[in-house]
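Position one of the sequence shown corresponds to residue 0 (numbering that gives the first Met the number 0), numbered consecutively onward.
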Amino acid sequence: MKLILHFLKPYRWLCLFTILAMLLDVAGGLLVPRLTADMINIGVESGSLDYMIGKGIAMLAVTVFSGAGALLGSWLCADLSAKIGEDMRNTVYEKSLTFSAHDFEQFGTGSMITRTLNDINIIQQSVVWCIQMVLPVPAVCIMGVGMAFAIDTVMGFLLIGVTALLIVLALLVTRKASEIFGRLQRLLDRMNVVLRENLTGVRVIRAFNKEKDEEKRMRKSFEDYAQTAVSANLLFAGLESMAFFVINICIVAILWIGGDRIGAGYMEIGDITALTEYSILILFYIIMAQMVIILLPRARVCIGRIREVLEKEPEIRDGEGRIDPAGNTEDKEAGCPADTGREAASFSNVTFRFPDADENALTDLNFTCRKGETTAVIGGTGSGKSTIARLLLRFHDVTEGTVSVGGADVRDISQKELRSRISYVPQKAWLFSGTIADNLCYGKEDASEEEMRRILSVAQADFVSSLANGLDAHVAQGGTNYSGGQKQRLSIARALMKKADLYIFDDSFSALDFKTDAALRKALKEEVTDAAVLIIAQRINTILNADQIIVLDEGRIAGIGRHGDLLENCPVYREIARSQMKGGGEVG
C-alpha cells in the first residue's frame, strides 16, 4: 500500500477530484429512488399531475448530474491510472539501469519484462477498479442504509444484515484467491521465459530436431497456467452466483416483510420501491467491490514484485571522486591530482570471484594499459579474458585488489564518468533497430555524415556505401539482417565514433577474414594514437604486433611481454601459437 501511495502522492489533487466525481454519481443514484417513492406516495395518491411532472424534472436533473459525475470520474480515473503506470515503469527502468549483471540475473530477463509490462498493467487496473468500485461502497452503504432507516427501522436492519453477509463472503474468498493469484504470476513468468527461449533459440532447436521436446515443454507451461486460471475463474463464478442469490433473497424479504409493515401502517407503497432500489444499488456495489477484492491479491503480489525491484540494493554503487580533464584522478577532499602519466588503466593485485562461485575467475592480476600502446589478452576458453573487460567497465566489482582507470580506483568514481572514458566493442556484436546512422550516433550524437563515412572506412565497413540507402540503411533488432563480419565492423565503427582514453575490443575480430583483420588493425593504430587499446583475442594473428601481450591460464597471468619474447619464455603462449599455426618457430 505504501508503494501505491508513494506514486499517488504527486497526483493527490487529481485523486480528490476523481473521488468527488464518483461520489456525485453515487449520491445521484441514491436520490432517484427517494424521488420515485415521493412520486408514488404523494403524486399518485393525490392525483396531482403537476407534482409528478415536477418530480420527473427533478429526477431528470439528478440523472444528468449523476451521469456527468460518472463520466468525469471515469475520465479522471483513466488519466490517473495512465500517469501512475508511466511513473512506475520509468522508476523500474531507471532502477534496472543501476543493476550489475549479477543483480539482473537474480530476477531474470523474462521476469523483468513481466514485471514491467504485465504486473504494472494489473496494478493500473486495480487502481481504476478500486476508485470506481471499492471507494464508493462505504458511501453507498452509509447513505443507503441511512435512507432505509429513515423509511423504516426494520428495513434498515435487514439491509445491514445482508450487507454484512456479503462482506464476510468476500473476505473468505479473498483469502483463498491470494494464494492462487500468487501462483498465477509465477507461472506467467515461466511462460514468458519458455516463450523467449523458443523464439531466440529457434535455430538451435531446429538444428537438434528438438521441436517435439520444446512443444511438450511449452504445452506443460501453458497447461499449468490454464489450470490455475480455471481455479481463479471458479472463485469468480462461485462468488457471483452466491451474490445474485443473496440479492434475490433480499428483494423477496423486502417485499414480504415490507407488505406486513405497510399493512401495519408503518410504511407506504412507494417506500417498497425505494427500499428495493436501495438494496439493489447497495448490493450491486458490494458485488462489484467483491470482484475487485478478489483481484486485489493478484495486484498485491504484483506490487510486491515491483517493490522487490525498487528495494533491491545495487551491488555496484557510484563513488564520489572524479577524474580531471587531463586524465588524472582528483581526490574530492584534498583536491590533489595524482601523476599518472600515460597510464589509461591498471590492475593491481586483482582477484575476482563471481557471486556463489567456488573458485576465483581471476587471481592476482597485475598489469597496466598505457596511452599510445596496444595491450592484448589471450588465453584458453574460460581463462577469464572477457572478465577483465567487465571489471574495467565496472559491470562487476573486484573481490580483492584495485582496478584503476585514469589513475582512479573505479569504485571511487561514478559509473557515468568511468564509461565516458571507455569505448567498448562487446564479444557478441549487437546492433539496435533503426538505421546504420542511428547506431553510429550511439558513439557521438552530433556526428556528421563525413565523420561517419571516415570511421566506417577505418573499420573496413565500406560495404555500407554500396547499400541502397547507405547510412540510412535499415538495421533489424540485433542486426540480424547483416552477416557476422558486417555486424562486427559496424560495432567497431560505433566504438570508434566515441573519443575515449581506452578502447576495449572483446574478441571483436573473430568473424573477420585475415586480410580484413590486418587492414583494420593497421587503420586502427593510426586512428587511436593518443589512446590505449585493449584487445581480447583468440587468434594469435590479431595480436602479433601488440606492445604488450598478457597470457592468461585458468585466471592467472602465465606471461607478459611481446610476441617474440613470449614464444621463447611462455609455454602456454607457445602452445596456443602451435595449435593455431604449423609451428611456434614459424610464427615469429
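Think of the CB as a built atom: it goes at the ideal place given N, C-alpha and C, for glycine as much as any other residue.
- Among the bridge pairs identified by DSSP, Thr362 is matched with none.
- In the three-state reduction of the DSSP assignment, Phe103 falls in the helix class, which pools H, G and I.
- Following the DSSP letters along the chain, one finds Ala231 inside the alpha helix (DSSP H) bounded by residues Glu210 to Gly262.
- Each of Asn544, Arg573 and Gly563 was checked against the Cα of Ala557, and the nearest Cα belongs to Arg573.
- Rounded to the nearest angstrom, the gap between the Cα atoms of Ser447 and Cys440 is 9 Å.
- The alpha-carbon separation between Leu171 and Thr90 amounts to approximately 35 Å.
- Around the Cβ of Asp516, a 10 Å sphere holds 16 or more other Cβ atoms; the residue is buried.
- Residue pairing for Val376: DSSP places it in a beta bridge opposite Ile535 and Ile549.
- DSSP links Tyr50 through a beta bridge to no other residue.
- Under the three-state reduction of DSSP, Thr398 is assigned to coil, being neither helix nor strand.
- In terms of CA proximity to Lys415, Arg393 leads the group Ile281, Arg393 and Gln426.
- An exposed status is given to Arg174, since fewer than 16 other beta-carbon atoms sit within 10 Å of its beta-carbon.
- Secondary structure within the region 71-129: the alpha helix (DSSP H) runs of 4 or more consecutive residues, fully enclosed, are 100-106, 108-113 and 119-128 (chain order).
- Three or more beta-carbon pairs separated by less than 8 Å are not found between the region 115-129 and the region 237-255, which leaves the two stretches without contact.
- For the pair Asn197 and Leu187, the Cα-to-Cα distance works out to about 15 Å.
- Per DSSP, Asn348 lies in no alpha helix (DSSP H); the unbroken beta strand (DSSP E) holding it starts and ends at Glu342 to Phe351.
- Beta-bridge analysis with DSSP links Phe504 to Val424 and Ile534.
- Going by C-alpha positions, Lys211 is about 10 Å away from Met217.
- By the Cβ neighbour-count rule, His5 is exposed, with fewer than 16 other Cβ atoms within 10 Å of its own.
- Going by beta carbons, Asp500 and Ala343 fall inside the 8 Å limit.
- For the set Ile112, Arg304, Gly433 and Leu566, the Cα lying nearest the Cα of Arg182 is the one of Arg304.
- The region 473-490 makes contact with the region 414-431: 3 or more CB pairs, one atom from each, lie closer than 8 Å.
- If you draw a straight line from the Cα of Leu233 to the Cα of Ile179, it is about 11 Å long.
- Going by beta carbons, Gly27 and Gly72 fall outside the 8 Å limit.
- Here Asn208 is exposed. Its C-beta has fewer than 16 other C-beta atoms within 10 Å.
- In the three-state reduction of the DSSP assignment, Ala407 falls in the strand class, which pools E and B.
- Rounded to the nearest angstrom, the gap between the Cα atoms of Gly160 and Cys129 is 24 Å.
- By the criterion of a C-beta distance shorter than 6 Å, Leu282 is surrounded in its chain by Ile246, once the five residues flanking it on both sides are discounted.
- By the CB criterion at 8 Å, Met58 and Leu23 fall outside the cutoff.
- Residue range Phe513 to Glu526 is occupied by the alpha helix (DSSP H) that includes Ala522.
- Following the DSSP letters along the chain, one finds Arg561 in no beta strand (DSSP E), marked with neither H nor E.
- In this structure Ser345 is not in contact with Gly400, their Cβ atoms being roughly 10 Å apart against a cut-off of 8 Å.
- Annotation note: the region 454-495 contains no uninterrupted beta strand (DSSP E) run of length 3 or greater.
- The region 355-363 makes no contact with the region 449-457: fewer than 3 CB pairs, one atom from each, lie closer than 8 Å.
- The C-beta distance from Met21 to Gln131 rounds to 6 Å, short enough to meet the 8 Å contact threshold.
- Per DSSP, reduced to three states, the secondary structure at Gly181 is helical.
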